[in-house]
Amino acid sequence: MERRRNRQASQSPMIALQQLPALVVLERIPVPVLATGDDGSILFTNTAFAQMVGRDPDEVLSLRFHEIFHQCPDSASSTLSFVHALANMVVELAHKDGSVVRALMSRSAVRRADDNFALAVFQDLTEQLWEEER
1 MERRRNRQAS
11 QSPMIALQQL
21 PALVVLERIP
31 VPVLATGDDG
41 SILFTNTAFA
51 QMVGRDPDEV
61 LSLRFHEIFH
71 QCPDSASSTL
81 SFVHALANMV
91 VELAHKDGSV
101 VRALMSRSAV
111 RRADDNFALA
121 VFQDLTEQLW
131 EEER
C-alpha cells in the first residue's frame, strides 16, 4: 500500500488517470452504468445502476436484458440493435419492488461496428416525469 502511494505521488495526475483500469472508473462514477452483450447477458453494472433498480450489483449481473428492460426486443432482433435504437430515449426498467423506473439512456459509449456489447449510462427521470404527469 505504501509503495503504491509513493509511486502515485511521484507521477503526474495525467499518468495516474491513464493507468486507472476502466472498470474501476466505471464502478466509482456516481452515474448509473450498464453493459450488455448481444446475447442479452448483463456484462457489467455499477452500484449506481443497481441501486436505481433496487438491487445489489451481483443480482443485476445474474439477470438477463429482458428481465430489466420492459420493452424487450423480439427474438429476431439483437439486444445491441435494440439498445442502439433506444439511444438518448427514455426507457422503462424493472425495479425489484415491481415498480417501473423511467430513465434516459445514452447511446452506447462503444460504437465500433465489430463490438459485441453496448455500454450506456442512465439518468433516472422517474420522479421528474411523475411530477410532470400530475
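Residue numbers for the sequence shown follow the UniProt record's numbering, beginning at 1 and rising by one.
Heads up, the beta-carbon is just placed ideally off N, CA and C, and yes, glycines get one too.
Every value quoted in this text rests on a predicted model; they were computed, and no experiment measured them.
At which residues does the beta strand (DSSP E) containing residue i begin and terminate?
i, result
"residue 103", "100-105"
Quick check: what's the CA-CA separation for residue i versus residue j?
i, j, result
"residue 91", "residue 101", "8 Å"
"residue 97", "residue 12", "46 Å"
"residue 105", "residue 86", "7 Å"
"residue 80", "residue 64", "13 Å"
"residue 109", "residue 84", "11 Å"
"residue 130", "residue 99", "13 Å"
"residue 52", "residue 35", "15 Å"
"residue 159", "residue 118", "With the chain represented from 1 up to 134, any question about residue 159 goes unanswered, as that position is not in the structure."
Using alpha carbons as the reference points, say which of the options lies closest to residue i.
i, options, result
"residue 124", "93, 41, 132", "93"
Could you tell me the boundaries of the alpha helix (DSSP H) in which residue i lies?
i, result
"residue 124", "Premise fails: residue 124 lies in the beta strand (DSSP E), 117-124, not in any alpha helix (DSSP H)."
"residue 93", "It is not in any alpha helix (DSSP H) - residue 93 instead sits in the beta strand (DSSP E) that spans 89-94."
"residue 44", "No alpha helix (DSSP H) contains residue 44, which is instead part of the beta strand (DSSP E) from 42-45."
"residue 97", "Run containing residue 97: none; DSSP gives neither H nor E here."
"residue 70", "Unbroken run through residue 70: none, as it is neither H nor E."
In three-state DSSP terms, what is residue i?
i, result
"residue 33", "strand"
Using 8 Å as the Cβ pair cut-off and three pairs as the minimum, do the region 25-37 and the region 112-127 touch?
Flag = yes, the region 25-37 and the region 112-127 touch.
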